[in-house]
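The sequence shown begins at 1 in UniProt numbering and counts up by one. Here is the structure we will look at.
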Amino acid sequence: MREAIARLTQEKGQAEEMVGLLNRKLEEYNEELFDAKSNLAMIEAEATYKCQQNELATAQKVASLTSQVAFLREQIATADRAQSRLRKELEQAHTVKLVEQKRLAAERKLLETKKRHLELSSQASQSLAPSQSFAPSQRTVFPSQQPAAPSQSLSRLRPISPLPPCLPPVATTSTAIQTDAVTSLSHENAELVHGLLQGSALLTLLNHSSSPAADGPDEPPRPEPAPRDTEFSQLMQPFSQWFPPPPSPTVAKMAPIALAQQLYGMLSQLLAGETSSVHLIPLLTDYLLADVECSVLTSSLQVLLGLLHGSPRVQAALRDRPTTPRVRRVVVGSRPVDGPATAVSVGDLEVAAVRSKCAHALTRVLKHHVHQPPVLEFALAVVLLWTQLSRQGAEALLPVLQDILSSPKTTSNVQVQALALLTQLLQTDELFQIWRRQKLLLPLVLLKTPAKLTALHVSVQLALLRFVDFVIMTHGLAGATCILSHQPDEASVVQPIVKLMETAIAVLDDASAVDVDVHRQLIRTGFQLISALEQYVELRSQAREPKQKAALYFVLHYVQRELPRDAVTAMALMSVDYVAVTNEADPNGFAADAEAAVYYANIDKILDRFGCSTKYSLYNCDDCRDAYKYWVCAVKFQRCGGPSATATAVCPTIANSCDPFRTRTCLSICEDVIRKCPYVLSFNCPAEETEYFSTDIANCNHLDRAVHPDNPSLAWPGTFASS
């Protein structure tokens, strides 16, 4: 039993040792399992992180590729559009080439016709020379003078009221002598007609088709054939395919067929040398007075514009005769060379009546087409050129221009043209007084109404500023009074100009701005206008609020910095009231010091741009900077001393708040800047004493300048002019 118990005890101990060993093995396995799980979790986390990073990088690459694909597609689309545009331009160039070839062919035929005419004329002259002793009844008849057989088409196209020829039939000898004159007139007219045919306006007028109202409701409109027995018919045959297409039967208004017939006949007479280009004016006037389509009216205006531009004969006929005896009468003995102005005529035309009727027609066109910009553009161009030649009836244009400027459908081009025409009309004092009495001051209303002014195009704003500047510079005090006293808001004339300049400066700072040159011109014109207004009104009174003053100084500083030619004027405008800087508003002089620093910095920039490496005089740029520093300090910090009987009181603005002991700046301080600075500063000083400067060295403020710069043995002078 004891042995069994001992054996069992021994076995139990062995079993416990085995259990302990197994437990230790289990713990080791658990630790290994934990390490494996932790490693697995770490690997999973790293894998997840890497997957996320890869996904993010892949997404970025996909987005980049998508953006590149979109960009490439946009480039492809742009290239396609450019290709389409180039293809259209190529087609247009090809069309223009064909048209030019046809035009050249027509010109060649015209020259051949003129050559035949000249040959016939020369043959006629040669054949008429030996027959001068014959009776006038035995005249030689040339082939071109044979009467043509009457035909229905010719009778329909003959003018209703043809004008008689300039040269009536005379004897054979007279005709032979006048051949050269007729030939020169026909050559001049041929060149004029050739110039008018460069566009499609004259062809539109010649493509006459009657409307249903003229030919009856049952007869469809049909083009009339051109006459076949004239030189003009030979000229027009090559141009037949250039004619505009025939109008639709539903068109309510067309050019009267009688006008087209007269135009055919008139052009035939012009090419034959039987009349002058002045006779086209009444015919075109009838077009303007007729009830026609806008396209026909526009074409007639284009032809009239080309006639006024291209015919010196028309310009001489329409030009106003001098009204003053000194200019109008060139006295030879006791008789003037030129006859009375009312007796001027061309052929059978009374020029004064023609001028009056055409001026009335142009005014009527402007008045009845106020809301049609396409017609107004050509009409204003014609009137602008017309008024350069004649001012007859110009008074009636003033209210019409007022309506054009106020029309809601007008365009910027039309507004610019209207302001240009108004500027041209107001050059005469008579029309300016009429304009002023009638109170047709819409341009000033636009200038002084912020909502209307900002809505205008920049080109119209520039034209408006130029118009106001013209009124002031041309009519002086009367023009300035008209502008400054006009309602609304008498004291706001400078503020709109400053606002426009401020907006233009902001546009110039934008890299993507358009119309940069126009904005630069607006800034310069606005500054010139402010400078002109400063002669009649104090700028400080026009800028009462702090924001207004800040805007005024902003634009003046910009002009001083960016426009070197106007820098000194801008500085003068900024320092108009510099004698009152030491006051209660600036007790420590900080504001005056800041302004002086700005002035000095601007001059320093100008000198840097000038380049001080080049020697310009006995002095250099450092001497210039030193002299300018003294000047700006002298004008910004006026010296105030104790009571003195010789001290000069200075107060250019408000007399009640003037300091009676404030002394003026020595003129030599200003003159020293001119002596030592280069010409690019354009610095100017007064030639005598003013309310700001004095030449009396005993009383003027010369700061600490004590020694004459050119002669140390002498004291600093009051002015270098007397030293």
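Where a beta carbon is used, it is the ideal one built from N, C-alpha and C, also for glycine. Fair warning: this is a prediction, and the values are worked out from it, not measured in the lab.
query: Under the three-state reduction of DSSP, which class applies to V707: helix, strand or coil?
result: strand
task: Look up residue 732 in the DSSP assignment and say whether it is helix, strand or coil.
output: The structure shown has nothing for residue 732, since the chain only spans 1 to 723.
- request: Mind checking which residues open and close the alpha helix (DSSP H) that includes Y599?
  value: F590 to F610
- request: Give the straight-line distance between the Cα atoms of R664 and N699, rounded to the nearest whole angstrom.
  value: 8 Å
task: Might you give, ordered along the chain, the residues of its own chain that have their beta carbon closer than 8 Å to the beta carbon of Q417, omitting 5 neighbours on each side?
output: L376, E377, L380, A381 and L384
message: Any contact between the segment 296-313 and the segment 196-205? By contact I mean 3 or more CB pairs, one from each, below 8 Å.
response: yes
message: Quick check: A260 and L192, are their CB atoms within less than 9 Å of each other?
response: no
task: Have a look at the DSSP bridge pairing and note the partners of T665.
output: F693 and N701
query: Is it buried or exposed for H368, if we count other Cβ within 10 angstroms and need 16 for buried?
result: exposed
task: Let me know the secondary structure DSSP gives E107 once reduced to three states.
output: helix
- request: Measure the C-alpha to C-alpha separation of L362 and L111 and round it to an integer number of angstroms.
  value: 35 Å
message: Please state the DSSP three-state secondary structure of A715.
response: strand
query: What does a CB cutoff of less than 7 Å around A596 pick up in its chain, not counting 5 residues either side in sequence?
result: V632, C633 and K636
query: So, are the CB atoms of R313 and S277 less than 9 Å apart?
result: yes
message: Using 9 Å as the threshold, is the C-beta distance between T474 and Q438 below it?
response: Result no, Cβ atoms of T474 and Q438 do not sit closer than 9 Å.
field: Residue interval of the alpha helix (DSSP H) (run including R355)
entry: V351 to H368
message: Let me confirm a value: E274 is counted as buried when at least 16 other C-beta atoms fall within 10 Å, else exposed. Which label applies?
response: buried
task: Can you tell me which of V96, E691 and I497 puts its alpha carbon nearest to the alpha carbon of R466?
output: I497
field: Option nearest A504 by Cα separation, candidates Q461, D469, Q528 and Q535
entry: Q461
task: With H457 as the anchor, note down where its alpha helix (DSSP H) starts and where it stops.
output: Neither: H457 is in no alpha helix (DSSP H) and is coded neither H nor E.
query: Under a three-way DSSP split, which group does L484 fall into?
result: helix
message: Counting C-beta neighbours from all protein chains within 10 Å, is the total for V141 16 or more, i.e. buried, or is it exposed?
response: Bear in mind that the predicted position of V141 carries a pLDDT of just 35, short of 50, making it unreliable; the figure below should be weighed with that in mind. If you draw a 10 Å sphere on the C-beta of V141, you find fewer than 16 other C-beta atoms in it, and that means exposed.
task: State yes or no: is the C-beta of C677 within less than 9 Å of the C-beta of S694?
output: Note that the C-beta distance between C677 and S694 is not below 9 Å.
Beta carbon of L453 nearer than 9 Å to that of K499: yes
message: For a quick check, are the C-beta atoms of L681 and I606 less than 9 Å apart?
response: yes
message: For a test of the three-state rule: what should DSSP assign to H94, helix, strand or coil?
response: helix
task: Please report how far the alpha carbon of L441 lies from the alpha carbon of R85, in whole angstroms.
output: Taking the straight line joining both Cα atoms gives about 46 Å.
field: Distance, V99 Cα to D608 Cα
entry: 58 Å
- prompt: F71 by DSSP, collapsed to three states: which one?
  reply: helix
field: Among P443, L419, L398 and Y630, nearest to E430 - alpha-carbon criterion
entry: Closest by alpha carbon: L398.
message: Suppose contacts are defined by Cβ-Cβ distances below 9 Å. Is M501 in contact with I523 by that definition?
response: yes
message: Considering Cα atoms alone, identify which of K629, A706 and L714 is closest to V673.
response: K629
query: Can you tell me the Cα-Cα spacing of L308 and S390, whole angstroms?
result: If I take the Cα positions, the gap works out to 12 Å.
- prompt: Anyone know if the C-beta pair for V507 and D515 falls short of 9 Å?
  reply: yes
- request: State the DSSP-derived secondary structure class of E274, mapped to helix, strand or coil.
  value: coil
message: Can you look up E534 in the DSSP assignment and give me helix, strand or coil?
response: coil
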